[in-house]
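Working notes, beginning with the structure itself.
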Amino acid sequence: MNYIAHLHLAQHTKTSLVGNFLGDFIKGSALDDLPLDLQHGVRLHRQIDTYTDTHPVVLALKQQFPKSIRRYSGIVLDIYFDHLLMQHWQQFSAIDVKKHTLFNQFYHDLALLHHDISPHFSRVKTGLLRHQWLDDYEQLDACSRAMQTVEKRFTRPTEFAQQAMGFIHENSAGLQQSFLHFYPDLLGHSALFVSKLIK
């Protein structure tokens, strides 16, 4: 899952927003240097990624991608599922949990984090705080921009965003149905994992 889902699941499980966000940036034993609440968030983030990557619904979706971009299908689904979560936010959230309020709390908490994680983390943090672009995922165009950003991070020239967006447009109904089937499972699994983690 991508940024928005991790923040939503952090709120759902009452774990650290920033800790769940850090999961993409903390490697190996570096986790031990963080405060316990951030450690819990990172561990949940990792569990979410593992569960997602092995879920039958997600595995089946990946096989539907054209062979030419199938190796990037996990990235595409992570990004597109964030958009679908924004579209169905109230279905998976308590009535009083507003996405904008959650994002503002995350930006606030992120600004207070002064750990030196990595140059990549510093760039992402600066961009998030300066532009506060999480709300952009309300619009499908944000998925295309996110994929193009990922393309630029590869060492070798890589292009999958345009074809991936074409696949999304052609299969939007099926992708949405699969997401709506998968995400409740992820919510339940995340809550169970945290209940065991913080005993």
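So in our numbering the end of the sequence shown lands on 435, straight run, no missing numbers.
Every residue gets a Cβ at the ideal spot worked out from N, C-alpha and C, and that includes glycine.
- Going by C-alpha positions, residue 407 is about 10 Å away from residue 301.
- Between the alpha carbons of residue 379 and residue 427 lies a distance of about 27 Å.
- Look at the beta carbons and you see the stretch 292-307 not touching the stretch 264-273: under three pairs across the two are nearer than 8 Å.
- In the structure shown, residue 393 falls within a coil segment according to DSSP collapsed to helix, strand and coil.
- Of 312, 423, 297, the smallest CA-CA separation from residue 387 is found for 312.
- Around the CB of residue 272, fewer than 16 other CB atoms lie within 10 Å, so the residue is classed as exposed.
- For residue 390 against residue 283, the beta-carbon gap comes to about 26 Å, at or over 8 Å, which does not count as contact.
- Per DSSP, reduced to three states, the secondary structure at residue 432 is helical.
- Each residue's CA atom was taken as its position, placing residue 410 and residue 422 some 18 Å apart.
- Membership of residue 365 in the alpha helix (DSSP H) is indicated by the continuous run 355-367.
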